[in-house]
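Colleague: Please read through the structure below; I'll follow up with questions.
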Ligand code: SF4
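Numbering (the numbering used here), first residue to last: 572 to 779.
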């Protein structure tokens with residue numbers, strides 16, 4: 572089992588393979604070569620190189636939103652998809668407008684598309700966010716992906732989808748997915764705040 576997260580050596584970062592820990596994944600030479608070969612495949616080569624160029628060009632200067640725009644431009648994309656959360660509809664409108672000002676066509680699909688009640692997907696009534704209401708639309712990340720697929724978007728942006736819904740969206744999306752915003756209702760969509768405070772103020776909220 573690999574546990575890079577607990578490694579204190581970081582031989583990979585220093586290019587010093589002589590100090591690899593016993594369970595270092597770099598010891599799996601076949602896996603490493605197989606993975607590396609992907610970067611030279613036509614479908615991924617430019618995608619990967621341009622992402623690294625954006626990383627270097629805007630390092631510490633460009634916010635993620637700007638990086639996303641520059642990345643899509645470098646790849647020559649003209650039609651972007653955006654799967655967004657109803658709870659971030661104002662933010663989605665701002666992003667949509669900005670992308671259009673940068674010359675992109677934008678296909679956007681909201682999470683509640685389909686307007687299907689949660690009960691139809693087998694979600695128990697007690698797990699409605701507002702149980703007193705007779706209708707509560709389910710999030711529909713599979714439809715978001717399929718609708719964007721049907722519009723042949725070249726890169727899909729995930730904006731504020733719930734945990735798990737984002738994974739389903741990425742799974743069913745034909746285009747590669749980049750995440751602009753993740754959902755964190757407790758921390759203003761800033762989940763790293765919980766990590767920064769995991770040994771402090773937020774510790775009681777994180778323990779089993
Ligand atoms: S790849 Fe190897 S050296 Fe690098 S963090 Fe993981 S275990 Fe440590």
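Glycine residues also receive a C-beta, built at the ideal position from the N, C-alpha and C atoms. Only a predicted model underlies this, so the values are computations on that prediction, with no experimental measurement involved.
1. Answer yes or no: the CB of residue 597 versus the heavy atoms of ligand 1, is any distance below 6 angstroms?
2. Which value, in whole angstroms, describes the spacing of the CA atoms of residue 777 and residue 761?
3. Report whether the distance from the Cβ of residue 600 to the nearest heavy atom of ligand 1 is below 6 angstroms.
4. Output the distance between the C-alpha atoms of residue 733 and residue 655, rounded to the nearest integer angstrom.
5. Kindly list the residues whose CB is nearer than 6 angstroms to the CB of residue 625, restricted to its own chain and excluding five residues on each side of it in sequence; keep chain order.
6. So for residue 780, helix, strand or coil by DSSP?
7. What residues in its chain sit with their C-beta under 8 angstroms from that of residue 679, if we drop five residues either side in the sequence?
8. Could you check whether the Cβ of residue 575 sits closer than 6 angstroms to any heavy atom belonging to ligand 1?
9. Looking at the strands, I want to know which residues DSSP matches up with residue 574.
10. Kindly identify the DSSP beta-bridge partner or partners of residue 675.
11. Confirm the yes/no value for this check: CB of residue 581, any heavy atom of ligand 3, distance under 6 angstroms.
12. In whole angstroms, what is the alpha-carbon distance linking residue 657 and residue 715?
13. For residue 758, report the span of its beta strand (DSSP E) as first-last.
14. In whole angstroms, give me the CA-to-CA distance for residue 683 and residue 713.
15. Pair every Cβ in the segment 727–745 with every Cβ in the segment 626–636, then say whether three or more of these pairs are closer than 8 angstroms.
16. Using only alpha-carbon positions, find the residue among 572, 611 and 579 that is nearest to residue 596.
17. Work out the CA separation of residue 622 and residue 611 for me, nearest whole Å.
18. Residue 814: beta carbon under 6 angstroms from a heavy atom of ligand 1?
19. Do you know how far the Cα of residue 768 is from the Cα of residue 718?
20. Any idea what DSSP makes of residue 513, helix, strand or coil?
21. Give the single residue among 763, 727, 736 and 731 whose Cα lies nearest to the Cα of residue 748.
Modeller: The short version:
1. yes
2. 15 angstroms
3. no
4. 10 angstroms
5. 638, 641 and 642
6. A query on residue 780 cannot be resolved here, the shown segment of the chain reaching from 572 to 779 and no further.
7. 652, 653, 654, 655, 663 and 667
8. yes
9. Residue 574 is not bridged to any residue.
10. Paired residues: none, contrary to the question.
11. Of the ligands one can find in the structure shown, namely ligand 1, none is ligand 3.
12. 12 angstroms
13. Neither: residue 758 is in no beta strand (DSSP E) and is coded neither H nor E.
14. 11 angstroms
15. no
16. 572
17. 14 angstroms
18. Shown here, the chain extends from 572 to 779; a query on residue 814 therefore has no answer.
19. 38 angstroms
20. Look at the range of the chain in this structure, 572 to 779, and you will see that residue 513 is not part of it.
21. 727
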